[in-house]
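Following this note's numbering, the numbering of the sequence shown begins with 5 at its first residue and continues without gaps.
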Amino acid sequence: MIVVGSGARHLEDEIRALGGELIEVEIRKFPDGEKYVRVLGSGEEATVVQSTFAPQDEKIIELLLIADALRERGVERLRAVVPYFAYSRQDRVTKEGEPVSVRAVMRALGLYYDELYVFDLHNPETLKFFPGKAVNLSPARAIAEYFAERLGEGIVLAPDRGALERAAAVAEKLGLEYSHFEKRRISPTEVQMRPVDVDVKGRNVLIVDDIISTGGTMIKAANLLREMGAEKVFVAATHGVFAEGAIGRVSRAVDELAVTNTIPTPVSRISIVPDVLAL
Numbered sequence: 005m006i007v008v009g010s011g012a013r014h015l016e017d018e019i020r021a022l023g024g025e026l027i028e029v030e031i032r033k034f035p036d037g038e039k040y041v042r043v044l045g046s047g048e049e050a051t052v053v054q055s056t057f058a059p060q061d062e063k064i065i066e067l068l069l070i071a072d073a074l075r076e077r078g079v080e081r082l083r084a085v086v087p088y089f090a091y092s093r094q095d096r097v098t099k100e101g102e103p104v105s106v107r108a109v110m111r112a113l114g115l116y117y118d119e120l121y122v123f124d125l126h127n128p129e130t131l132k133f134f135p136g137k138a139v140n141l142s143p144a145r146a147i148a149e150y151f152a153e154r155l156g157e158g159i160v161l162a163p164d165r166g167a168l169e170r171a172a173a174v175a176e177k178l179g180l181e182y183s184h185f186e187k188r189r190i191s192p193t194e195v196q197m198r199p200v201d202v203d204v205k206g207r208n209v210l211i212v213d214d215i216i217s218t219g220g221t222m223i224k225a226a227n228l229l230r231e232m233g234a235e236k237v238f239v240a241a242t243h244g245v246f247a248e249g250a251i252g253r254v255s256r257a258v259d260e261l262a263v264t265n266t267i268p269t270p271v272s273r274i275s276i277v278p279d280v281l282a283l
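Dropping the structure here:
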């Protein structure tokens, strides 16, 4: 039994087309802005699919209300699949008096849900804050399949060393070489980027990251690769958290920009639904 929240409505048709058994849920707002939820089905187990992009707080409240409604109907085991997990980047205290926001959200969900599944969490170590089973899912297979023909015998790059594992996972699926960009500060205002130990001349390149917001790093990396003689430059990410105008700016700098559909955007061309239904 799958219940789809408003943050995953863009996945609903594909879930149904691939054989997912959807239970209808009524979601609306009261005149004062508070959420109303009513689940029109029941069973022993249920999976709630809800991506928590803007307005994030509203979608997190939905996750809690849907869970409470399902428990009220006698559901004994609940799983939350949260393709994009809001507050995941707020994973440490930087100034005295701040919360660890991702911890607060995970603990709240843990009051209702037995299992939590997320995609490409910013810091997978934070899954320890969820009291039940928590799994970080990789979109590497989906990204690799989408770019396989486009990339050919190319190379996969991470924008920095921290994202190397992600690039390696995609490259492994494709059987290709991989590496990362090294960043070196050469002045208070200038950072130099350079791919490590690879020759990109005449080759197609795929840059892979978890989140794209402003797109500045991707544009800089793409321009550098062109200067180094790269044939085509592709950019992929799991979550398209695009600032205003970012899609256009990145798209103009590369041959193709594609992200997964954890968040609905004009370039959400890579589907994570098969991975959801395989759980």
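For every residue, glycine included, the Cβ atom is placed at its ideal position computed from N, Cα and C.
Since the model is a prediction, treat every value here as computed from it, not as a measurement.
query                                                                                                                                                                                                     : result
Give me whichever residues DSSP pairs with Arg42 in a beta bridge.                                                                                                                                        : Glu30
Would Ile267 and Ser55 qualify as a contact pair, given that the criterion is a beta-carbon distance under 8 Å?                                                                                           : yes
Who are the Cβ neighbours of Asp72 in its own chain at under 7 Å, not counting the five residues just before and after it?                                                                                : Tyr116
Can you give the Cα-Cα distance for Met222 and Phe185, rounded to whole angstroms?                                                                                                                        : 11 Å
Which residue marks the beginning of the beta strand (DSSP E) containing Leu155, and which one marks its end?                                                                                             : Counting along the chain, Leu155 falls outside any beta strand (DSSP E), though it belongs to the alpha helix (DSSP H) covering Ala144 to Leu155.
Count Cβ pairs between the stretch 154-170 and the stretch 134-141 that sit closer than 8 Å; are there 3 or more?                                                                                         : no
Identify the continuous alpha helix (DSSP H) that holds Asn227 and give its terminal residues.                                                                                                            : Gly220 to Glu231
When we look at the beta-carbon of Leu15 and count the other beta-carbons within 10 Å, is it buried (16 or more) or exposed?                                                                              : buried
Along the chain, where does the alpha helix (DSSP H) containing Ile19 start, and where does it finish?                                                                                                    : Glu16 to Ala21
Using 8 Å as the cut-off, can you tell me whether the stretch 102-110 makes contact with the stretch 250-265, which would need three or more C-beta pairs spanning the two stretches below that distance? : no
So Ala225 packs on Met197, CB below 8 Å; how close in whole Å?                                                                                                                                            : 6 Å
Which of the three DSSP states, helix, strand or coil, is assigned to Arg256?                                                                                                                             : helix
By Cβ distance below 6 Å, which residues in the same chain neighbour Glu30 in space, the five residues on each side in sequence not counted?                                                              : Arg42
Please say whether Val277 and Leu22 have beta carbons closer to each other than 8 Å?                                                                                                                      : yes
Helix, strand or coil: how does DSSP classify Glu62 here?                                                                                                                                                 : helix
Taking the continuous beta strand (DSSP E) assigned at Ser105, which residues delimit it?                                                                                                                 : Looking at the DSSP string, Ser105 is not in any beta strand (DSSP E); the run it does join, the alpha helix (DSSP H), is Ser105 to Leu113.
Just checking my contact of Thr51 with Met5 at CB under 8 Å: how many whole Å lie between their CB atoms?                                                                                                 : 7 Å
If we call anything under 8 Å between Cβ atoms a contact, is Ile274 one with His243?                                                                                                                      : no
Taking the C-alpha atoms as reference points, what is the distance between Ala146 and Thr264?                                                                                                             : 8 Å
Among the residues of its own chain, which have a CB less than 6 Å from the CB of Tyr182, if the five just before and after it don't count?                                                               : Val160, Ala171, Ala172 and Ala175
Measuring only the C-alpha atoms, how far is Leu155 from Val122?                                                                                                                                          : 27 Å
Pick helix, strand or coil for Pro199, following the three-state DSSP scheme.                                                                                                                             : strand
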